[in-house]
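Enquirer: In my numbering, the protein residues as written are 472 to 815.
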Amino acid sequence: MHTTDALNDETRGIAISHAGERHPLSRPLDALLSEMELPLRRRFFPLGYPVEIMTNHPSVLTAAEQSFGHARLARRSTALRVCIGIVPGNVSACPSEPVRREFNNLFSLVADAENQALLDLKTGVNFTWLTLAAIANTLYFRCNFLEKVVYLLLGSTVVTDMHAACVSKHAKGVLLCGNSGAGKSTLAYACARHGWTYTSDDTSYLINDSDPPRVIGHCHRARFRPSSSELFPELVSRPLTPRMEGKPSIEVLTSELPVQHTAAEATVDAVVYLNRYAEAVPRLKALPIGAATSRARQDLFSAGEIRAKHEATLAKLWDIPAYDLDYCGLEDGIRLLDRLVREI
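1) Quick one: Cα of V638 to Cα of V645, how far?
2) Pick helix, strand or coil for Q731, following the three-state DSSP scheme.
3) Hey, how far is the Cα of N608 from the Cα of Y744?
4) Starting from the C-beta of E492, find all residues in its chain whose C-beta is less than 8 Å away, skip the five residues before and the five after it, and write them out in chain order.
5) Let me make sure I understand the geometry here. Which of L518, L504 and V531 has the alpha-carbon closest to that of I678?
6) Would I777 and V742 be called neighbours here (beta carbons separated by less than 7 Å)?
7) Looking at Y669 and D632, is the spacing between their C-beta atoms short of 7 Å?
8) Rounded to a whole number of angstroms, what is the C-alpha to C-alpha distance between R810 and G804?
9) Taking the C-alpha atoms as reference points, what is the distance between T784 and A534?
10) Rounding to the nearest angstrom, what Cα-Cα distance links N561 and C648 in this structure?
11) How should E506 be labelled, buried or exposed, when 16 other C-beta atoms within 10 angstroms of its C-beta is the threshold for buried?
12) Along the beta strand (DSSP E) that carries V596, what are the first and last residues, could you check?
13) Looking at C-alpha atoms only, which residue of A762, D680 and L728 is the closest neighbour of V630?
14) What is the C-beta distance between A751 and D797, in whole angstroms, given that I count them as a contact (C-beta under 8 Å)?
15) What does DSSP give as the partner residues of Y794 in its beta bridges?
16) When burial is assigned at 16 or more other CB atoms within 10 Å of the CB, is I760 buried or exposed?
17) Alpha carbon to alpha carbon, how far is L706 from A564?
18) Please report how far the alpha carbon of C662 lies from the alpha carbon of R813, in whole angstroms.
19) Using the C-alpha atoms, what's the distance from L504 back to T733?
20) What do you reckon, is the C-beta of D680 under 6 Å from a heavy atom of the ligand NAP?
21) Considering only the beta carbon of each residue, do T725 and S699 sit closer than 7 Å?
22) Does N615 come out as helix, strand or coil in the three-state DSSP assignment?
23) Tell me which same chain residues have a C-beta within less than 7 Å of the C-beta of L532, skipping the five on either side of it?
24) Looking at the structure shown, is S698 part of a helix, part of a strand, or coil, going by DSSP?
25) Got a sec, what are the start and stop residues for the alpha helix (DSSP H) R810 sits in?
26) So the candidates are A793, L601 and A737; which of them puts its Cα closest to the Cα of H641?
27) Does C662 come out as helix, strand or coil in the three-state DSSP assignment?
28) Tell me whether R768 sits in a helix, a strand or coil according to DSSP, three-state version.
29) Do you know how far the Cα of E618 is from the Cα of N586?
30) What are the start and end residues of the beta strand (DSSP E) that includes E736?
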């Protein structure tokens, strides 16, 4: 069934199953939408963890397949449930980017009165209310609600996310950290083009119960800033796609790129903070013991008990060697990282 047909069916109050069967809603929705039925469900495995998505609209599951269909079960865990209810809505325009708010274990994403999500990160209870206009724009829905909700729930239970790329060589994993624009994605990809194993371009998830520390990444895809096409010819013809927080990007499956080695997981053997600027003198400078933990804690967005859990996980990085890397060109960055993995 085409998406347009599915949208028209939902406007008439019909829920559609995997097999195409039509199920009239058993009772009208009340003003609070508290009686919304979610007859469609499917299990996915983002980051290798089981997540069951429940909804009343097939387009939600189609979008989930695009976001999480690459992953399969890798570790045992109780399945999280993500509930997403769709209603026709009063406007046909795509909503604006949602505003995020957090108080202790409560987290909300609110685009407008009809498009919002509420999560209890402590219990895992959650619900997302969206309109047909919101899910009609698949990229908007995936980036601003679907993926955000799923990774928030995983981040409150089994992983701690870090704003870092990850690559490996000689079985030694290196996290590439730094401010926005420091070159994490481009340097990680440049390393991968030179034979390194690619795990993540921008976000790495530290596994809470792993000791020594290991991270999981989105090794199936790479995301770049539009300017990256000036560095990598294979990106020139790639279309731009909108990202969360209004940042356009080029998103490509690594299977379509000159990347020989990928791995969903990697050990953390070094943490490198990138400082890219014109006329930089290429150098690696060792940082004091504990620097990786201290800096990572400063980047946490979690609060309350969830933050305490994240800080305890980040303590595992205390003895991991950390460095500042000053560089300008990608060649210098790769050369210094090659030297680092030979020495650690």
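Virtual Cβ for every residue (Gly too), placed ideally from N, Cα, C.
Expert: In this structure, then:
1) 6 Å
2) coil
3) 36 Å
4) Residue placement at E492 cannot be trusted, given a pLDDT of 45 that sits under 50; the coordinates are not used to answer.
5) L518
6) no
7) no
8) 10 Å
9) 31 Å
10) 43 Å
11) exposed
12) It is not in any beta strand (DSSP E) - V596 carries neither H nor E in the DSSP assignment.
13) D680
14) 5 Å
15) V743 and A757
16) exposed
17) 31 Å
18) 15 Å
19) 44 Å
20) No copy of the ligand NAP occurs in the structure displayed, which carries no ligand at all.
21) no
22) helix
23) L511, R513, I524 and T526
24) helix
25) L801 to E814
26) A737
27) helix
28) helix
29) 15 Å
30) E736 to T738
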